[in-house]
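Protein chains: 4
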Amino acid sequence: MTGQCRPEQPIRNGAEYRQSLRDRNLDVYLFGERVAEPVDHPIIRPSINAMAATYDLAVEDPALATAHSSLIDGPVNRFLHITGSADDVVAQNMMQRRLGQITGTCFQRCVGMDAINTIFPITHEIDRERGTGYHRRFRAWVTGVQRLNLVVGGAMTDVKGDRSRSPSQQDDPDMYVRVVERRPDGVVIRGAKAHQTGAVNSHWLLIMPTMRMTAEDGDYAVVAAIPADAPGITYVYGRQSCDTRSMEGDLDVGNAGFAGQESLVLLDDVFVPNDHVFVDGEFEFAAPLVERFTGYHRRSYVCKSGVGDVLIGAAALVADYNGVPGVSHIRDKLAEMAHLNETIFATGIAASHRSIPTDAGNWEPDNLLANVCKQHVTRFPYEIGRLAQDLAGGAVVTLPSQQDLEHPGIGPLLVKYLKGREGVATEDRIRILRLIENMTLGRNAVGYLTESLHGAGSPQAQRIVIGRGIDIAAKKRLAARLAGIDETG
Amino acid sequence: MTGQCRPEQPIRNGAEYRQSLRDRNLDVYLFGERVAEPVDHPIIRPSINAMAATYDLAVEDPALATAHSSLIDGPVNRFLHITGSADDVVAQNMMQRRLGQITGTCFQRCVGMDAINTIFPITHEIDRERGTGYHRRFRAWVTGVQRLNLVVGGAMTDVKGDRSRSPSQQDDPDMYVRVVERRPDGVVIRGAKAHQTGAVNSHWLLIMPTMRMTAEDGDYAVVAAIPADAPGITYVYGRQSCDTRSMEGDLDVGNAGFAGQESLVLLDDVFVPNDHVFVDGEFEFAAPLVERFTGYHRRSYVCKSGVGDVLIGAAALVADYNGVPGVSHIRDKLAEMAHLNETIFATGIAASHRSIPTDAGNWEPDNLLANVCKQHVTRFPYEIGRLAQDLAGGAVVTLPSQQDLEHPGIGPLLVKYLKGREGVATEDRIRILRLIENMTLGRNAVGYLTESLHGAGSPQAQRIVIGRGIDIAAKKRLAARLAGIDETG
Amino acid sequence: MTGQCRPEQPIRNGAEYRQSLRDRNLDVYLFGERVAEPVDHPIIRPSINAMAATYDLAVEDPALATAHSSLIDGPVNRFLHITGSADDVVAQNMMQRRLGQITGTCFQRCVGMDAINTIFPITHEIDRERGTGYHRRFRAWVTGVQRLNLVVGGAMTDVKGDRSRSPSQQDDPDMYVRVVERRPDGVVIRGAKAHQTGAVNSHWLLIMPTMRMTAEDGDYAVVAAIPADAPGITYVYGRQSCDTRSMEGDLDVGNAGFAGQESLVLLDDVFVPNDHVFVDGEFEFAAPLVERFTGYHRRSYVCKSGVGDVLIGAAALVADYNGVPGVSHIRDKLAEMAHLNETIFATGIAASHRSIPTDAGNWEPDNLLANVCKQHVTRFPYEIGRLAQDLAGGAVVTLPSQQDLEHPGIGPLLVKYLKGREGVATEDRIRILRLIENMTLGRNAVGYLTESLHGAGSPQAQRIVIGRGIDIAAKKRLAARLAGIDETG
Amino acid sequence: MTGQCRPEQPIRNGAEYRQSLRDRNLDVYLFGERVAEPVDHPIIRPSINAMAATYDLAVEDPALATAHSSLIDGPVNRFLHITGSADDVVAQNMMQRRLGQITGTCFQRCVGMDAINTIFPITHEIDRERGTGYHRRFRAWVTGVQRLNLVVGGAMTDVKGDRSRSPSQQDDPDMYVRVVERRPDGVVIRGAKAHQTGAVNSHWLLIMPTMRMTAEDGDYAVVAAIPADAPGITYVYGRQSCDTRSMEGDLDVGNAGFAGQESLVLLDDVFVPNDHVFVDGEFEFAAPLVERFTGYHRRSYVCKSGVGDVLIGAAALVADYNGVPGVSHIRDKLAEMAHLNETIFATGIAASHRSIPTDAGNWEPDNLLANVCKQHVTRFPYEIGRLAQDLAGGAVVTLPSQQDLEHPGIGPLLVKYLKGREGVATEDRIRILRLIENMTLGRNAVGYLTESLHGAGSPQAQRIVIGRGIDIAAKKRLAARLAGIDETG
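Protein chains in written order, with our numbering: chain D, 5 to 493; chain A, 5 to 493; chain P, 5 to 493; chain S, 5 to 493.
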């Protein structure tokens, strides 16, 4: 029996979304124990809140976070929308920045959005070249997902073993997810997907290959949708910096409401019925699939400019609380932070604005510029974070605990001595410092920094695409012509 | 008598444009001598070629370089077009990049384009608030310029004297251009405009104030159009690095065809009839005029990404000629150059894409992103240039002269010893090295580097706009909310 | 009664040092509770280990970590040595780098070393100008400290309140430590010192002013030594990122042995007998004291190059474990990390090498170069950390917990799927990833990153010293002469 | 007949040095013509002035620019000294910085200094391993050079042809200098050395191989001293940006007194008597020779910090002349320029301070730190130059010519309009702007920028040495130990 994805009614808001995650009996492990109900776990809850924000924003600002879907002839959450224009692609970025501002962290729903918009044209192309029927299957599945307004987790990154070897060359054949059995009614897959963003908070996982493949790697060329609670799936929750502070109280965590989520997803012979298999063995399409997905996903990192907005605001606030908001070097640092942050935004917007239609009818961003955007994302949040810590001062890493502040004996002394300028409560100053700690060293530094570095591919992956994408031959001709070199000779 | 701007027939291409510049009897000084006919001067000619390319591109690719003008109800060169949509603003960038690729230098026509699109809404606003009739006058003048397809030079930067003092505080009142006499039929202006790009190659100069002004500075708040050959104007041609190589031969100059042009324009009591006066004394509008113009003009520096394309191509070509195109650090440097270059492009495109309409009906780019674009332009060409020199090797600054190469005795030895890989002519290797020298140290380094730094305002000017433009209060609220700070308290 | 600093016998090694900290009955608060015995607390213990390494190194490598003291005519730990030559100052750096390598964190003993070498000449100068007897007192106290081989914590940074106001302008006069009462036999001080490195692990605290002072701030100009267990002192232990992992087990913490320590030290009317007061009211000497101390201390950050060695090694090891040690971009990133790391080392060494003698007879480093060194320290560890995370891959922030790895059900699956190349134990791969997490996001990121930013003064403080220190007038003369400008005119 | 190097009496100062270059009948080509007397050529003269400064400084400041030579038991110019201590190596850097300040350009004498200190130990080692007698020969030759106080040009860089092939693999065997004939009394060499700094201004050229060699490359492994006027040598003078301005007048050139010099040296079967052959065929020593020489020479680029001092001074002066010296962003940029400039100095000093003795008795710098120093030199002058242009403003590239300023009609207007603040002569403002142009785009930009990039090896060469030099295995062990990894298993 396959897992049965709930709910049966469309999810209308964040509260209903939270409810939809209950009672699924997922195998989720954290600190060596199976979590009885992830929705109620204090470490997991903030990540669910972040995902829920994608539902609530669609209610509060439908122009920003919904779109009209031709598949269901009605409005859908923009995260589930098959883009119909360049403006649709740009609109995703606007929504992403806003959600970054609202949550200050990774809200996890972009991978699925980008995966849907990747598999849509890829299945169309495979069908055209191979006479398969994947595209129709995929449309049917997407239509169902849109109707119920579900979360789709895109599962791409394999664990990879020895990075110098291809999937089929590994000592252990399970280092990349593969089809281990083909039955008349479906396939059985095995392996593990690492760094899975929001998987525990998803209704469906969309399995995809992670890299270029050769004929020997055919069994690894598989795209399939599986319900998050399908038998055989185990989730091992990844530790994040300062994760346990979420269990201690609200002050020290910095951002008590929201957090990201990464887990390792073990697939122990999971059965997928044929209707949910969208690629099986067409290895030549693994490379274009990955390039398309990463093109889409790399400019999705515009979300980090929303997170950056929060951090810039926090840095400005702490300068204000310290009594020195107008000092020239502080103002200059805020301008530099904004300059870097807007560069992430602008390069993403440019990539989306210059989208082109696929043969399947959806639109996809400019691949070169999408990679330029992501390359900046691997650098600038670190510099923005460093500048935020600069403006915060040393207190960002030396503050006493919430319990000390609440201690009847030393608490009042701490309130006295940790005060900033007149008119600012010491607790507020501490709160903003803890937020900066959260975003530069703590739970949300994981999403703002490290995940910015590696999500959608590590920096070198972008450099390779940029190097390939610039039409160097045309540039050489431009130079030769101006230099007076006769190239016909 | 005012100057009489020719031609009387519309200019249709670069050749006609060149012809239109002849016999104007301009007072142009270079090396202490009045230039008899600028069109024939070997140092000036390449700058005219670059401007002419803006005419020829409109013939070759009208979709890129022309637009439909509602003022004349017909096609106009895009450089003279009053933008009617965000797409129009984006299209300017596409045209600019292409012209940068074609010329490898500054083609000088953007200032006028951006000035027209600035004065258009500003006059509209002054009229609305002050009941003046500037906007109608301006439309009439633009209509005439469009009909004849003329070059408009935008003249903004004053010589400034002591930079710590306002115009009216200077010891010498002529340090900023001002109205020295008001007559019934017009005004008389005096002063000097520095760093005037393409002024000698223009048909009209559009005088504008250079900075925020106060009531005391009223006489300095003047916008007016004057024919380039109006009595009282003297042009002193600015020296550029390696300018005299253009007089020596074609090989050593690197880019024999194209160059930029800067001059100092002395205005010695130039009379302007009322029809060509568009602001006179409304000092409060100087600041918004400058901010709007710089917003427009700063994202026009997308042209430098076209110039960057040439330099990247040159660097790739020299690596190829040296026999080492595939070496990993060389490929990585080319990718880095492209990454920086595309960032200039993308941030400009994003600024243009996010244009908004003015009350006067034309569109103007996002000011924050336009400044982000320009800020990158003040940094990245220097790094791209450094990397190009890195790939070029030391020969870029130690090559012998063309005359040595042509010397019957040592010439053949030079051909032998300066050869790169098999199959590449030594002369071609030298030509590409000279192009890189031209763009990083020589004539076109002026435009690619220094003018990128200071054109449309020096780096600090952008930082101030960025710092002001980011709505820091909103960002503070985002941070406070996530930190759990009650701001209502 | 003043506190009584133990021990009574010289401390000979790390074990004796640990013992010396026991039974002192310090008021140390952590998580809202008074710590019964800091030496036994799992969060505090790693910081004591780091300090203990300064004792053990002196045993293992006396040439590196001891010196001959003329005060006691015998060997002393180099951290207590009054420098007698430029080589002595350089030798401090060599010892610091080695201890950074051994501990991977802040070993806390440098502040005292640098403070001793600052107060030594400052008291000499005050005596000379004011006829006081501070220098003799100070020598006597240092002699005693050297005899017993104690840890001196240098306590400089006040809590500061409103940063835009001087000490005497604050609403609350206690925002800077000050003398609140003068008695015949001593003074009483009140206030708080923030970000106190290793204070709980010290035997003595050497109180110093934190900034330039005016006549109004006279009561704040106080230098005094107080035993760490003096009545009236309370320590509030600062929270560090991931601090509680030290209480969970050894695997997830990354570096189980060593950590830094920061605390807030509350001084509630602490009495200091006259023999331990070294400045009292000589406010004019606050500025030179701070400049000298920071000059000394800023080049002490050479220690971070030792910590950087560990992080470079960790990054190289994880690339090796992943099977890709020889890939060109990885090798290039390791070279870049080393380049940055050696720059910290080299600029510190240069500052120390160019030391000059003070009138008191000890040597102090070149102030300009010391600030150049520290300025790099505020930037490069962040970039080195980013590159380390780049080489680590996403797993650095998504690994499961130690308990999951030890779980009988999922543990073996995790060992299977988290494996790297053949021949490397999965646990070892996890260990090195956790070390990188520890140093870039976790406990020791506090010392390697944030403390590098703010310790010994925030970045702007160094920029001001650099700007003042470069003799700009002399540089102007160089330029004027070459430009042919006659400056005598 | 071999060339006869003059003079016969020791050169005592710059004037005598200039005289020593006369009447040598060198074959020097420039602009296709043989230069009758290089000493009198206006383009060459400034480069001779720069070299002459090395003589005059030895007179004016013997402590800085001379040393006691044991070879002649008397004082020698420090550029000819075989170092006898680490202090000697540091002293070279101090002298180099000073000469950079005096000349604002490349004074050309370092290559020989570093070459002498490289060949000295290399010949010692070859003799020890091969039983040859090179070292004695070399000492004898150096002794003679010291006696007469001559200039030695170090000639290393071959023209290289196809960079992907070794010397013996080239289509044309002359792409690297080689021995084409061995006679009883000496060898005959052929080939060309590119980018030869100061060759025309030298008395001797010391030929060295340019890279690692194999057995097949044996004929290319040659070290030999040849008089600059030896038969068969032809010099082709390299063009520099703005070189001809030196022929126009003094104002536009920016730095009328001093310039660098690069030429291509053609060796057309030059005979070298055995006494001047120091390596012939010992190919295994080519790699250590190059590594040693580059180690020595890379930290010699400390000279650029002296040139940087001039440029910082010029930028400060122009800000002063413009009336805005105290503006915060200007002061901050000056501090940044100084920070970068002092980093070059400090890393060089550290490399020299950590010198170690060779078996031959001279001292050589720390190779790792020397490469760190040079790596900074390939980056920071570009950034310092960019910041100098930033402070200079646009006028740095748009100034009129000297002839325009002297024109009776427009000259006075130019003096009026190009004035800065009160009290500063317009001409002085122009002079300092021209100096900045000279150093960032003009003649001395060649030395300050491009030659900083490629001299002593291009950036990638340093990265390779840094990558190899950091003992990565030791760093791995540090990390493994702290991570709790048992490496013995």
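Here a beta-carbon is modelled for each residue, glycine too, at the ideal position from N, C-alpha and C.
These figures come from a predicted structure and were not determined experimentally.
Within the same chain, and ignoring the five residues on either side of Asp-363 (chain A) in sequence, the residues whose Cβ sits closer than 8 Å to its Cβ are Pro-125, His-128, Glu-129, Arg-132.
Linking Ile-211 (chain S) to Pro-188 (chain S) through their CA atoms gives a straight-line distance of about 20 Å.
The residues Ile-130, Arg-134, Ala-225, in chain order, have a CB closer than 7 Å to that of Glu-286 (chain P) in the same chain once the five nearest residues on each side in sequence are set aside.
Around the beta carbon of Ile-476 (chain A), 16 or more other beta carbons sit within 10 angstroms, so the residue counts as buried.
In this structure, Ile-489 (chain D) places its C-beta atom within 8 Å of the C-beta atom of Ile-436 (chain A).
Counted as a single uninterrupted DSSP element, the beta strand (DSSP E) harbouring Asp-273 (chain D) occupies residues 266 to 277. When rounded, the separation of the alpha-carbon atoms in Ser-462 (chain P) and Lys-378 (chain P) is 9 Å. In terms of Cα proximity to Glu-37 (chain D), the closest of P:Leu-409, P:Ser-73, P:Phe-35, P:Arg-296 is P:Leu-409. With respect to the C-alpha of Arg-49 (chain P), the residue from P:Ile-434, P:Ile-237, P:Ile-193, P:Gly-264 having the closest C-alpha is P:Gly-264. For His-85 (chain D), none of the residues of chain S pass the 8 Å Cβ criterion, the least Cβ distance being about 45 Å. According to the DSSP assignment, Asn-345 (chain P) belongs to the alpha helix (DSSP H) that extends over 332 to 357. Put simply, the CB of Ser-245 (chain D) is far from chain S, with every gap to its CB atoms at 8 Å or more. Excluding its 5 nearest sequence neighbours in each direction, Val-94 (chain A) has C-beta neighbours in its own chain below 7 Å: Ile-353, Ser-356, His-357, listed in chain order.
Inter-residue distance for Glu-491 (chain P) and Lys-197 (chain A) is about 30 Å (C-alpha atoms, whole angstroms). Cβ atoms of Gln-200 (chain P) and Ser-267 (chain P) come within 8 Å of each other, at about 5 Å. Ala-320 (chain P) is not a Cβ neighbour of Ile-440 (chain P), given a cutoff of 8 Å. Within the DSSP secondary-structure output, Trp-367 (chain S) pairs in a beta bridge with S:Pro-361. Excluding sequence positions up to five before and after Val-146 (chain D), its CB lies within less than 8 Å of the CB of Leu-75, Leu-84, Ile-86, Ile-120, Phe-124, all in the same chain and listed in chain order. The straight-line gap separating the alpha-carbon atoms of Val-43 (chain A) and Arg-433 (chain S) is approximately 32 Å. Between the segment 269 to 276 of chain D and the segment 415 to 432 of chain D there are fewer than three C-beta pairs closer than 8 Å, too few to call the two in contact. Annotation note: the segment 400 to 471 of chain P contains the following uninterrupted alpha helix (DSSP H) runs of length 4 or greater, listed N- to C-terminal: 406 to 409, 415 to 421, 430 to 444, 455 to 458. In the three-state reduction of the DSSP assignment, Asn-81 (chain S) falls in the strand class. Boundaries of the beta strand (DSSP E) harbouring Leu-209 (chain P): 208 to 211, taken from the DSSP string. Along the length of the segment 187 to 255 of chain A, whole beta strand (DSSP E) runs at least 3 residues long occupy 190 to 201, 208 to 211, 226 to 231, 237 to 241, reported in chain order. In the structure shown, the three-state DSSP call for Asp-176 (chain S) is coil.
Check the Cα spacing between Val-63 (chain A) and each of A:Ala-54, A:Gly-18, A:Arg-28: the tightest is with A:Gly-18.
Between Thr-347 (chain P) and chain S, the shortest Cβ-Cβ separation is below 8 Å. Between the alpha carbons of Gly-165 (chain A) and Glu-387 (chain S) lies a gap of roughly 27 Å. When Cβ pairs closer than 8 Å are counted between the two stretches, the segment 98 to 115 of chain D is seen to touch the segment 298 to 317 of chain D, the count reaching three or more. Closest in C-alpha terms to Met-55 (chain P), from the list P:His-45, P:Phe-111, P:Glu-41, P:Ile-47, comes P:Phe-111.
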